[in-house]
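Notes for the one structure printed next.
There are 2 protein chains.
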Amino acid sequence: MKVLNKYSRETARDFALRVLKENILSLELKPGMAISENELSAELKISRTPVREAIIELAKAYLIEIYPQRGSFISLIDPKMVEEARFLRKITDTAVIETACDEIDEEGIKLLEDNVSLQEYYLSKGMTDKIFELDNQFHKDIYVVAKKDIIYEIHSTLMIHFDRVRNLSVATVKDFKVVGDHRNMLEAIKARDKKTAVELVDKHLSRYQIDEKEIRSKKPEYFKV
Amino acid sequence: MKVLNKYSRETARDFALRVLKENILSLELKPGMAISENELSAELKISRTPVREAIIELAKAYLIEIYPQRGSFISLIDPKMVEEARFLRKITDTAVIETACDEIDEEGIKLLEDNVSLQEYYLSKGMTDKIFELDNQFHKDIYVVAKKDIIYEIHSTLMIHFDRVRNLSVATVKDFKVVGDHRNMLEAIKARDKKTAVELVDKHLSRYQIDEKEIRSKKPEYFKV
DNA sequence: CTTAATATACTTGTATACAAGTATATTACG
DNA sequence: CGTAATATACTTGTATACAAGTATATTAAG
Numbered sequence: 007m008k009v010l011n012k013y014s015r016e017t018a019r020d021f022a023l024r025v026l027k028e029n030i031l032s033l034e035l036k037p038g039m040a041i042s043e044n045e046l047s048a049e050l051k052i053s054r055t056p057v058r059e060a061i062i063e064l065a066k067a068y069l070i071e072i073y074p075q076r077g078s079f080i081s082l083i084d085p086k087m088v089e090e091a092r093f094l095r096k097i098t099d100t101a102v103i104e105t106a107c108d109e110i111d112e113e114g115i116k117l118l119e120d121n122v123s124l125q126e127y128y129l130s131k132g133m134t135d136k137i138f139e140l141d142n143q144f145h146k147d148i149y150v151v152a153k154k155d156i157i158y159e160i161h162s163t164l165m166i167h168f169d170r171v172r173n174l175s176v177a178t179v180k181d182f183k184v185v186g187d188h189r190n191m192l193e194a195i196k197a198r199d200k201k202t203a204v205e206l207v208d209k210h211l212s213r214y215q216i217d218e219k220e221i222r223s224k225k226p227e228y229f230k231v
Numbered sequence: 007m008k009v010l011n012k013y014s015r016e017t018a019r020d021f022a023l024r025v026l027k028e029n030i031l032s033l034e035l036k037p038g039m040a041i042s043e044n045e046l047s048a049e050l051k052i053s054r055t056p057v058r059e060a061i062i063e064l065a066k067a068y069l070i071e072i073y074p075q076r077g078s079f080i081s082l083i084d085p086k087m088v089e090e091a092r093f094l095r096k097i098t099d100t101a102v103i104e105t106a107c108d109e110i111d112e113e114g115i116k117l118l119e120d121n122v123s124l125q126e127y128y129l130s131k132g133m134t135d136k137i138f139e140l141d142n143q144f145h146k147d148i149y150v151v152a153k154k155d156i157i158y159e160i161h162s163t164l165m166i167h168f169d170r171v172r173n174l175s176v177a178t179v180k181d182f183k184v185v186g187d188h189r190n191m192l193e194a195i196k197a198r199d200k201k202t203a204v205e206l207v208d209k210h211l212s213r214y215q216i217d218e219k220e221i222r223s224k225k226p227e228y229f230k231v
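First to last, the protein sequences are chains A and B. Per the numbering used here, residue 7 is the first one in the first sequence, and the count goes up by one each step. Per the numbering used here, residue 7 is the first one in the second sequence, and the count goes up by one each step.
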């Protein structure tokens, strides 16, 4: 597991949570792999308590499975789980961008504009690795504009199911097209054009389509069913 | 706080969680009220650890606010939070009932039919207190039919924000009309009539409309803003 | 009496010890 | 050698002790 640096103000629990999420998303912690509270606490140089609290939270999001007195395991990729996450993201993103069209104001425009401009800048400089983080932030900002930021937070951990499968996909290179999507979304929101905005969300998410069969053939041991 | 009976197989953590949820929903634990891990563990006759773990989970759902070294408090009613929960329930219920229309089969019909029949029976006998639980189960069953039960689970804790405000409302007596709603929803799903089903969800949720002003004037100290 | 300094009694965060149960390795037996 | 009984070394669940910080009560000074 890749151990990140602990921020000085960060609680041990938040630290453990951050490290675990990152490693599950990046598949450094592999689906099906056993993890132990004791091992992790040794590795992170904190006690069992905060590690355990982080594990419990991830178990609530079905990212870890806890079998009492037997062990805890990184959840296998469950196609049903992935589908529920995708479904939830689609309906929520759609409704939220519509609301954003209603709620957008000068402040919101600035928030989104700054982000997209930066994405375009990094794209033009070929610094595509910077775009990933801005991509996530852009989606969060739309929720903020729509005054639905709690929903974003609540769903964020669940979306790891979706995102880690994406990370297994070979064809994640076409990421540069998303910057154009974001620009178009922003313009639609500014124009309060709900119909176009919703179409863009649909188009945008279709880029994240995953070829389950292909991934499954490469890594069958990662899958639940 | 009303302490429930602990099931023999239930872990101490699940027990604490169940008791806390129930008391927050019923407003036995009042918004803004201070709670202490030590007090609760004494009251529930379990140690601090499982109580603490339950509190952390509820804090993640914004039902409890933890201020380190100062104390933990039942969250005040936050209109933004209530609105986000209502928004989420509406869009999710809508999308899920459409999916249920696609996925319904004999087994699903039986599941829903058994529930609604029982509701109708209790209604005819005037045993309206039994209907509350069946109401929740009916909604969950629709998610099950639509193969979206994880989404139901993930959202259930969040919906307490919405439901506890409903419990403060005087006009919750018109509950008997929901049985008719449920019958109509079931028939729409059986007929795979998405348009009608969605209209019914909308109509159904409109019954849960809350008069914030009225509640606020009765209990202003419960509100955040 | 007022005000400031100091205890005191809380709070949650973390570390650790023990309890209860599981799975594997080891040992003893046939 | 094969099989069953028994240790052994894990696992997570729970209880408890201590650490660090906050808010209030108490005390002392002016």
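Glycine is no exception: its CB is placed at the ideal position from the N, C-alpha and C atoms.
Selected residue, minimal CA-CA separation from residue i, among the options
i      : options                           : result
K131/A : F182/A, M39/A, K219/A and I41/A   : F182/A
M7/B   : F21/B, F93/B, K36/B and C107/B    : K36/B
A3/A   : A18/A, K27/A and R76/A            : Lying before the first or after the last residue shown, residue 3/A is absent from chain A, which here runs from 7 to 231.
Y158/A : K96/A, E28/A, A40/A and A65/A     : K96/A
M123/A : I166/A, E90/A and H188/A          : Residue identity check: residue 123/A is Ser in the sequence provided, not Met. The candidate whose alpha carbon is nearest that of S123/A is H188/A.
F138/B : I148/B, N173/B and R24/B          : N173/B
A232/A : Y214/A, E220/A and V204/A         : Outside the shown range of chain A, which is 7 to 231, sits residue 232/A, and nothing can be said about it.
A67/A  : A101/A, S42/A, L23/A and I41/A    : L23/A
V231/A : K154/A, R54/A, R92/A and M87/A    : M87/A
K116/B : K196/B, K224/B, L31/B and T202/B  : K196/B
G77/B  : E113/B, A40/B and T55/B           : A40/B
K27/A  : E43/A, L64/A, I156/A and E113/A   : L64/A
V102/B : A152/B, I156/B, I72/B and K200/B  : A152/B
H167/A : L164/B, I156/B, I166/B and Q75/B  : I156/B
K12/B  : L50/B, G38/B and S42/B            : L50/B
Y127/B : G38/B, G186/B, E34/B and T100/B   : G186/B
S212/B : D84/B, E104/B and R92/B           : R92/B
R214/B : E89/B, T134/B, I30/B and D120/B   : Correcting the residue identity first, residue 214/B is Tyr in this sequence and not Arg. Among E89/B, T134/B, I30/B and D120/B, the Cα nearest to that of Y214/B is on E89/B.
E227/A : L69/A, L10/A and S81/A            : S81/A
S235/A : I62/A, K200/A, I221/A and E119/A  : One cannot answer for residue 235/A here, as it falls past the ends of chain A, which runs 7 to 231.
T98/B  : N121/B, P85/B, D169/B and M165/B  : M165/B
L206/A : M191/A, T163/A, D217/A and K219/A : M191/A
S32/A  : D208/A, V171/A and I160/A         : V171/A
L69/B  : N121/A, N142/A and I160/A         : I160/A
A60/B  : N44/B, K136/B, E34/B and D20/B    : D20/B
I1/B   : I83/B, H210/B, D199/B and T134/B  : Since the first and last residues shown for chain B are 7 and 231, residue 1/B lies out of range.
T202/A : P74/A, Y73/A, V9/A and E104/A     : E104/A
E109/B : S223/B, D208/B and D199/B         : D199/B
Q143/A : F79/A, N121/A and L94/A           : N121/A
K154/A : E34/B, P74/B, L94/B and L10/B     : L94/B
Residue(s) in a DSSP beta bridge with residue i
i      : result
A65/B  : Paired residue(s): none; A65/B is not in a bridge.
A40/A  : F79/A
E71/B  : F79/B
F229/A : I83/A
Self-check item: Contact residues within the region 46-70 of chain A, judged by C-beta distance below 9 Å to chain B
Solution: T55, R58, E59, I62, E63, K66, A67 and Y68
Quiz prompt | Length at least 4, wholly inside the region 124-195 of chain A: the alpha helix (DSSP H) runs in chain order | solution = Runs of the alpha helix (DSSP H) inside the region 124-195 of chain A: 137-151, 155-162 and 166-174.
Exercise. Pull out every residue of the region 191-206 of chain B whose Cβ sits closer than 9 Å to any Cβ of chain A, in chain order.
Key: none
Practice problem: Please list the segments of the beta strand (DSSP E) lying wholly inside the region 74-131 of chain B, counting only runs of 3 or more residues, in order along the chain. | Solution: 77-80
Quiz item: Of the residues that make up the region 157-179 of chain A, which ones have a beta carbon closer than 7 Å to any beta carbon in chain B?
Solution: I157, I160 and L164
Quiz item: If contact means a Cβ-Cβ distance below 9 Å, which residues of the region 86-113 of chain A contact chain B?
Solution: K86, M87, E89, E90, A91, F93, L94, K96, I97, T98, T100, A101, V102 and T105
Self-check item: Contact list for the region 219-230 of chain B against chain A, Cβ threshold 9 Å
Solution: none
Exercise. Using a Cβ-Cβ cut-off of less than 7 Å, give me the residues of the region 11-35 of chain A that come near chain B, in sequence order.
Key: none
Self-check item: Residues in the region 135-148 of chain A having any Cβ partner in chain B nearer than 9 Å
Solution: none
Quiz item: Is the region 51-58 of chain A in contact with the region 146-162 of chain A, if contact means three or more CB pairs nearer than 8 Å?
Solution: Contact between the region 51-58 of chain A and the region 146-162 of chain A is absent: fewer than 3 CB-CB pairs across the two stretches fall below 8 Å.
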